[in-house]
Amino acid sequence: MNPQELKSIMGSGLLSFPLTDFDANGDFNKKGYEKRLEWLAPYGASALFAAGGTGEFFSLTGDEYPGIIQTAVDTCRGVVPIIAGAGGPTRFAIQCAQAAEKAGAHGILLLPHYLTEAGQEGLAAHVEAVCKSVKFGVIVYNRASSRLKPETLAALAERNPNLVGFKDGVGDIEAMVAIYQKMGDRFAYLGGLPTAEVYAAAYKALGTPVYSSAVFNFIPKTAMDFYKA
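Residue 17 is where the sequence shown starts when you use my numbering, and the numbers rise one by one after that.
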């Protein structure tokens, strides 16, 4: 899937981030994960995000990550696209992005780096390094220690055509409006606040009807009914 196809998919519908299954020893439970994905996939989400925040990306080892993405891709092939979570230190984020691309994921959601605050120049260098390391589409996640300003996003978008999406996890409506005014339809825009359903109407009024639903993990039909209402 090329970046523009990913952008098109992200332009409508409901998204969700399946939990990652582990066994009693804390090891990846492949069969449990396959069963979870087989249950969720037919409910009509536009995409599922494997090893995202809800999927405990930051709990995974470098050895576990590729297998989780591969399992998701293989299980959901032909049913629903898989976007992989990637993040952490720049080199590790690049390793994850490249592993996800090799596994056949349709793109990545670039999660914030670990803890430390960084200036716009540093954030931009991090995002650009990841974008340059792969050919498929990248969605940047604006939250916590990684908050990109409109001018930073514009510069990144100009230099990196595969940066095609922006997910907001901050909830600053004024900032979201400023970003939308600056970037227009260059990005697909996703709502990403916890309990996203609470903010769905406000984001829809901004022209951002797409959001990720944690509720979908537990009652997917109800989550879809709410989205369509």
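Where is the CB? At the ideal position from N, CA and C, for every residue including glycine. No experiment lies behind these values; they were computed from the predicted model shown.
Residue state for Arg163 is assigned as coil, using DSSP reduced to three classes. The C-alpha of Arg52 lies about 8 Å from the C-alpha of Pro34. With a beta-carbon spacing of about 7 Å, Ile155 and Leu206 fall inside the 8 Å limit used to define contacts. Each residue's CA atom was taken as its position, placing Ser62 and Leu22 some 10 Å apart. Note: Ser75 is not bridge-paired with any residue in the DSSP secondary-structure output. Within the same chain, and ignoring the five residues on either side of Ile110 in sequence, the residues whose Cβ sits closer than 6 Å to its Cβ are Val146, Ser149. Of the residues assessed, Tyr196 falls on the buried side of the cut-off, its CB having 16 or more other CB atoms within 10 angstroms.
For Tyr205, the enclosing beta strand (DSSP E) stretches over residues 204-207. The closest CA to that of Gly83, considering only Ala230, Gly60, Asn45, is found on Asn45.
Note: Tyr157 is bridge-paired with Lys183 in the DSSP secondary-structure output. DSSP lists Leu126 as the bridge partner or partners of Ala102. Here Leu179 has Cys147, Val154, Leu172, Ala173 as same chain residues with Cβ atoms under 6 Å from its own Cβ, once five neighbours each way along the sequence are excluded.
Across the structure, Lys165 and Gln20 are spaced so that their CA atoms are roughly 23 Å apart.
Remark: C-beta atoms of Ala245 and Tyr227 do not approach each other more closely than 8 Å.
Gly48 and Gly69 do not touch by the CB rule: their CB atoms are close to 19 Å apart, not below 8 Å.
The beta carbons of Thr168 and Leu139 sit about 7 Å from each other, so the pair counts as a contact at 8 Å. Residues of the same chain with a CB within less than 7 Å of the CB of Ala119, apart from the 5 flanking positions on each side, are Pro82, Ile85, Gln86, Val89 in chain order. In the three-state DSSP reduction, Ala212 falls in the helix class (H, G or I). With fewer than 16 other Cβ atoms inside 10 Å of its own Cβ, Pro105 counts as exposed.
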